[in-house]
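Protein chains in written order, with the working numbering: chain R, 4 to 466; chain E, 589 to 1577.
Note that the Cβ used here is the ideal one computed from N, Cα and C, for glycine as well.
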Amino acid sequence: MRTLHVAALRRVLALSLLSATAIMSACSEVTVPNYNSPNVDGLLNKPDAATVNTTVLGLLVGSRSVVGTYGQTLGIFGREMYNLDQADARFVLSWLLEPLTPGGFGVDIGWSATYRQILTGQTILDIVDKVPDYSTAQKEGVKGFAKTFIALAMVEQLRVRDTFGIVLEVDPTAAKLGPFVTREEGFTRAAALLDEAKVHLAAAGPSFPFALTSGFAGFNTPTNFLRVNRGLKARLETYRSRWQDALTALGESFIATTPATAATLATGVYHVFTTSSGDAVNPMFDPAPRQLVAHPSFLQDAQRRTDGTPDLRTGKIAVSTTTLTSQGISSNQRLNLATTNVASIALIRVEELVLMRAEANVALGNRGPAIQDLNVIRTIAGGLAPLASDFGGNLLDELLYNRRYSLFGEYGHRWVDLRRYARLGTLPRFTPAHRIYPIVPLPADECNQRKPEPRGCVQVSGI
Amino acid sequence: MRRMWSALLAGLLLASGSAAAQAPTRQITGIVTEDGSKAPIGSAQIQVRGTTTGSLTREDGTFSVRVPGGDVTLIVRRLGYPPVEVRVLASQSTVNIVMRKDALKLDQVVITGQATGISRRNLPNSVASISAEQVSKVSSPSVDQALQGKVAGAQISTSTGAPGGGNRVRIRGISSILGSAQPLYVIDGVIVSDVSIGNGINKVTRAAGTAISAVTQEAPVNRISDLNPNDVESMEVLKGSAAAAIYGSKASGGVIIITTKRGQAGKPQFNFRSGLGTGRLAYRNGQRKFQSLADATTAFGPLASQFYDANRFIDYESLAYGNDPLNREATLAVSGGSQDTRYFISGNGRNEEGIVKNTYAKKYGVRVNVDQRLTDRIELQVGTEVLRTLSDRGLFGNDNAGNSIAYTLTKVPSFLDLRQKSDGSWPVNPFYNSNPLHTIDLIKNQEGVWRTISNARLTWDLFASNKQELRFVGYGGTDVLAQHNEVYSPPELQYEPLDGLPGTTAVSDGNNTQANLNLNLVHVWRPFTRLSATSQIGTQYERRKLGVSRSSAQGLLGGLEVVTSGTVRDIDETRLLTEDFGVFGQTELLLNDRLFLTVGARADRSSNNGETGKFYLFPKASASYRLPNLAPGLVDELKLRVAYGETGNQPLYGQKFTPIDLSNIGGLGAFRIGTGRGASDIRPERQREIEAGFDAAILGNKGTLDVTAFQRNISDLLITRTLPPTSGYSSEVSNGAEMKVWGVETSLSVFPIQQTNFSWNTRLNWGMNRSEITSLPVAPFLLGAFQVGAVRIEKGKSATQIIGNDTLPKSPRTLVPQGVLMGDGNPKWNGGWGNEVRFHRFSAFALLDRQQGGMLANGTWRHYDLGQNSRDFDAPGPVAGQSLGNFRRSTYLVVTRIYYQEATYTKLREVTLGYDVPTSIVQKLWGRAQSARLQLSGRNLFWWTNFRGGDPEAQNFGAGNVPDAIQRNRELAAYPSSRTYWLNFNVEF
């Protein structure tokens, strides 16, 4: 009897030892890293030059990510194009037929991307001084570049939300959200950021610590990039009708009209696209077309050249063998803005700078210089006859015509321009039921979590 | 009460005494037979009470066993029969034992610990058990689908009608907003994966951006469907926390425990089952008949005049979904062995074709289970299963490229002829991006899975006396699966050249490996006959690793399928790793076979938590009390039970991190702050559940009635709240919200007639549940958008409420800014009713499954309207001068509920008609055969629903264990469901 118990006890002991070993081996704490991406904590706590340089390029990715959204959505609002996607009728129903509502389809229009961009930019500004392997000049370069892109993002959103205003500060914890400011306060802040950036860039030495894409060829040093910064400042001043400030900024920008060639007008900074894995392709490239067709008025309204053919800029569209039909609208005029899926898209270029100078001079009553600039655009870009130097017609009409054709399909310039000059009512409608929206409400995700709701949380019925 | 305590005390004192003195042994022989039929019962276990000695009965029911001298008690156990205890006097050397079949399954053993079980008679929780017979009644593509309509309180829906399935199982309603909602599956002690890995078809459909795969929009197969339902001996559904607490932080979605068949000693026993089947489209949307050319041009533009023919009406649903599938299956199983070595080996093959040409699901599997007694104290059970699954599921679901087949059908007018021409070429669809018939002919969306599930279980009786037993139970296993997907959309398909890159190919490889190991010590203590206490302590270790790598190519040179032929290539890879460790202990007390008490707790740690070293404790306690012979004939026995338990729901891998996105611009690497904010302090959700109910044996032991009510409070709920974009992020993961879910379940089984030649049984189950967000530390937030219906998480409201746009009553076209409540995504109730009748050699079975309520957005119907192509488009609408279709399509964006419907349905899930071929005929044909059976069966043969547009179970968004548990409310262009028919033949030899 006793032996039986002893044997059992031995078995229990042996097993306990085994189990204890197994348990102990399993007991060691296991920490599993994030295999799929770096973490924000790492960036905040231990920034180094390589990581921050890579994050600066994230600003270019962020800025590029909204090019298609602005070009297409605002382009539809401004009757430059239609989206006749046969798989999704909402591009017609929601963007032409129904009121825009915060909970509706596609009112985000860059809102989320803008604040993600500002957060990335703000994070860079927060950590740049802690980066041990940057020189002082390099830190200035990073700050100047980041502030320029934060300001650019703000101005781009102000174009969409206009008098609804925007928010200037991001709050990653969402505990104390930044307040809404008016359009004018928004412009003031963006202008201040661009001016601060100018100071930083001037102190940034001969080169940036980060490499830039080929889209920045000629503008990849602090000195040259400062001229881009001034071009963006001029755009902002144009939007708030501070014409003299616009001319000042243009004077410091990369504006040039000699030699007056197409290449001169195309000089500028570009977003580049590649088909590499992880990169993006040109969002305006739709060769078939599958979605994007031009508004028929673009061809109809074009001025004639002396030989009777239309304005050369109508080459931005082409007739396709395919006809798209969605919700009653049919078209076979496809966009021809991008000839390949890796064609670049201008962020800002001389053609726009010249048009801005013309606009400022029109506003200031300097008809001579305005006509001179408009003629550069007319002849080089449009192949049209120049205006007589004593042209007596309406110069604003002429300016808006040239902005429409020169900047077709880019960032929805026409819609913004017509709003600035209170001419949205002149936009054509396919049927009387189609609406023209002067402004875009805020997305529901912004409205739902703010009390009281911001002014932009309303239905926009349009005109 | 005082008596009970003194009994306990007496027991303790007795236990310290020594075991009774051993006497010389003797031999007892006998036979075990079934009550009524007098048939011998083979493979019954004979155990001598208080010892570990015993034996098994032979095929003819006879046995012999060595027992100690003096009076002994034999305990006889056999699956499907309540255990029998027989007293054998010292003078007696032969004994005849009669066992009665357990139709009500009251004595089935239900798992209550990692290594212990308890007879259903005493079970303190509601646990649904499904037998092998119920699982394999009608051939089903997966084990979870075989449970449809059979478990009270479980909602099981099929997200797609595609061959190979794809199911969502929800037990006792929703338990999480963000975490996994699928139950945990445990097969013979191995925690197996139910992962859903996307197939990569998103590269073709662009349903969710340009990523290669978007699992929520690809109607993926949840991998539990790899298993062979024919190998299942029984399935137990642990519904609540009280039952599932033994699985700790993995169990808040419930646990489904699957036990596979094991060998029985004796001559090899073969079972062969084969079947042939087919399927038919179950629901038709119909199409618009264009009455005039004007109608056609209004809808399809001026081009329509070239194609319009008033006399042509082509039924595209018949063309696209009219494939006549030939479905086949065959299973051969053999079981046998000696008393020390028993084996079960099965092989199966199943080939299911779809109602769409070129779609199929094929399954092959081999299982080997071996039980080996190593010494008189150690028993080893091992099992391994190798599975091969192959499928092609076509091109279905949401799409933004104009190529999904069901989606495209909504845009093809009946007057247009897209059928293949006699020269073999295909007409170009002038009105849309694709010719769906051409797509069906050429698209390839193939999936192949190799999977091995292996398990081992070692039981070591360390010590046994009359009063005490100590046992070591160690078990564990591995589940290794490799999934390979190939998507190929050839350049000649009409939609392919549209982006300038004709031809798309995507190749994905997913590898999921998981392993778990459980070590337990079980102590049984019987101080005297009326009390037994079973205690155990144990540990569980689990590791899960998932890696998915994908590559895709567009613009295929030479139209080759290989990715390197692409001019534009894309790659991505994701990795996941989780390691968990848990410690578990519990004690069960059974007093007088009436009162059953359990207390236990589990502590869990996981690498997915913010604090990886911290243990989270999940306690449980339960009690049941039996009242036998309460009112004989009416209520023969009543058991009252109450149980409390806590379980958790682990955070998902990666939720504790705030990632930086990696991208690339013009050849330069770029970092951007990610869109989702993680929570470094993330911890498991905690679900506290109390359930109470009763089980009754009624009507002279001819039936059982179970009623259970439960309430669960879930705290530390993981939420992904949508952040205001001005925070810089779009969403944030955190713990914090609280939710309450309550519900009632009942099941009734009655065997009103049980005669040798005529029997009838009926089973009814019903369950309902409701949820409410009881605390929300953040502002209410939306999941989805008003226009198409969104779930709003809001304090005091159901967690599945659906909000949509609506106009203010008296001012048409002015929207209610906050949206209005349209209904609830959660069904009001689910119920199933099965009836089986046997008459002589004939049997018939029918199972009805009903869901009441549950709002579902009807995307397919909406797209028929948007295509101006729906069958009732021209009917008069509510607005004068506007047709019904025009009214709907022009109003739905401001009145969301137009396309929201109650998904109420009743389906005739399973029907069988069986005939047992007489043994005389069977043996005349083949001498070795013992029995044969012919069966005609059908699945989903009829359904009754007002839901329009397709299957009310279908869901486009979310699949399986994807963390969008509560967003199941949208149907869109799913692979259509079919009715399936089978003719089966079964022979035993």
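N- and C-terminal bounds of the alpha helix (DSSP H) containing residue 301 of chain R: 299-303
Proximal chain R residues relative to residue 999 of chain E, where beta-carbon distance stays under 7 angstroms: 89
Rounded straight-line distance, which links the Cα of residue 745 of chain E to that of residue 1377 of chain E: 20 angstroms
Contiguous beta strand (DSSP E) assignments of at least 3 residues, all confined to the stretch 927-980 of chain E: 929-941, 948-961, 966-980
Where residue 781 of chain E falls, given that 16 or more other Cβ within 10 Å makes a residue buried: buried
8 angstroms contact criterion, which residue 97 of chain R and residue 80 of chain R should meet: CB distance rounded: In fact, because the Cβ distance is near 12 angstroms, the residues do not count as touching under 8 angstroms.
Complete runs of the alpha helix (DSSP H) confined to the stretch 609-689 of chain E [at least 4 residues]: none
DSSP three-state assignment for residue 287 of chain R, whether helix, strand or coil: coil
Pairwise C-alpha distance: residue 885 of chain E and residue 258 of chain R: 51 angstroms
Where residue 243 of chain R sits in the DSSP three-state scheme: coil
Beta-carbon spacing of residue 315 of chain R, residue 385 of chain R below 8 angstroms: yes
Buried or exposed (CB count within 10 angstroms, at least 16 for buried), residue 1116 of chain E: exposed
Opening and closing residue of the beta strand (DSSP E) in which residue 1457 of chain E lies: Looking at the DSSP string, residue 1457 of chain E is not in any beta strand (DSSP E), and its letter there is neither H nor E.
At least 3 beta-carbon pairs within less than 8 angstroms: the stretch 1161-1174 of chain E vs the stretch 1224-1243 of chain E: yes
Exposed unless 16 or more other CB atoms sit within 10 angstroms - verdict on residue 187 of chain R: exposed
Residues near residue 52 of chain R in its chain [Cβ-Cβ closer than 7 angstroms; skip 5 each side]: 134, 136, 137, 212
Contact set for residue 991 of chain E: own chain, Cβ-Cβ below 7 angstroms, skip 5 residues either direction: 792, 793, 983, 1021, 1022, 1027, 1083
Within chain E, partners of residue 324 of chain R - CB distance below 9 angstroms: In chain order: nothing, as chain E lies at least about 10 angstroms away.
Close Cβ partners of residue 407 of chain R (< 7 angstroms) along its chain, the five nearest in sequence each way excluded: 417
Within-8 angstroms CB hit, residue 130 of chain R to chain E: no
Residue-chain proximity (residue 60 of chain R, chain C), Cβ-Cβ < 8 angstroms: Going by chain labels, chain C is absent from the structure shown, which instead holds the protein chains R and E.
When E:1486, E:622, E:1494, E:638 are compared against residue 1052 of chain E, the one with the closest alpha-carbon: E:638
Nearest residue (CA-CA) to residue 291 of chain R, options R:89, R:66, R:71: R:89
C-beta atoms of residue 1575 of chain E and residue 860 of chain E nearer than 8 angstroms: yes
Close Cβ partners of residue 789 of chain E (< 7 angstroms) along its chain, the five nearest in sequence each way excluded: 806, 983, 1033, 1075
Buried or exposed (CB count within 10 angstroms, at least 16 for buried), residue 1317 of chain E: buried
Residue ranges of each beta strand (DSSP E) within the stretch 36-120 of chain R, 3 or longer: 84-86
Three CB pairs or more closer than 8 angstroms across the stretch 646-653 of chain E and the stretch 629-636 of chain E: yes
Contact residues within the stretch 1225-1253 of chain E, judged by C-beta distance below 8 angstroms to chain R: 1241, 1242, 1245, 1246, 1247, 1248, 1249, 1250, 1251, 1252, 1253
Unbroken beta strand (DSSP E) run spanning residue 1248 of chain E, endpoints: 1248-1253
Spatial distance of residue 1548 of chain E from residue 1008 of chain E (CA atoms): Residue placement at residue 1548 of chain E is flagged as unreliable, the pLDDT there being 40, under the threshold of 50; a coordinate-derived value is accordingly withheld.
Length of the line joining the Cα atoms of residue 1041 of chain E and residue 1535 of chain E: 40 angstroms
Reduced DSSP secondary structure (H/G/I, E/B, other) of residue 1020 of chain E: coil
The alpha helix (DSSP H) enclosing residue 186 of chain R, as first and last residue numbers: 186-205
Per-residue DSSP class, three states only, for residue 255 of chain R: coil
Beta bridge counterpart(s) of residue 1226 of chain E as assigned by DSSP: E:1215, E:1284
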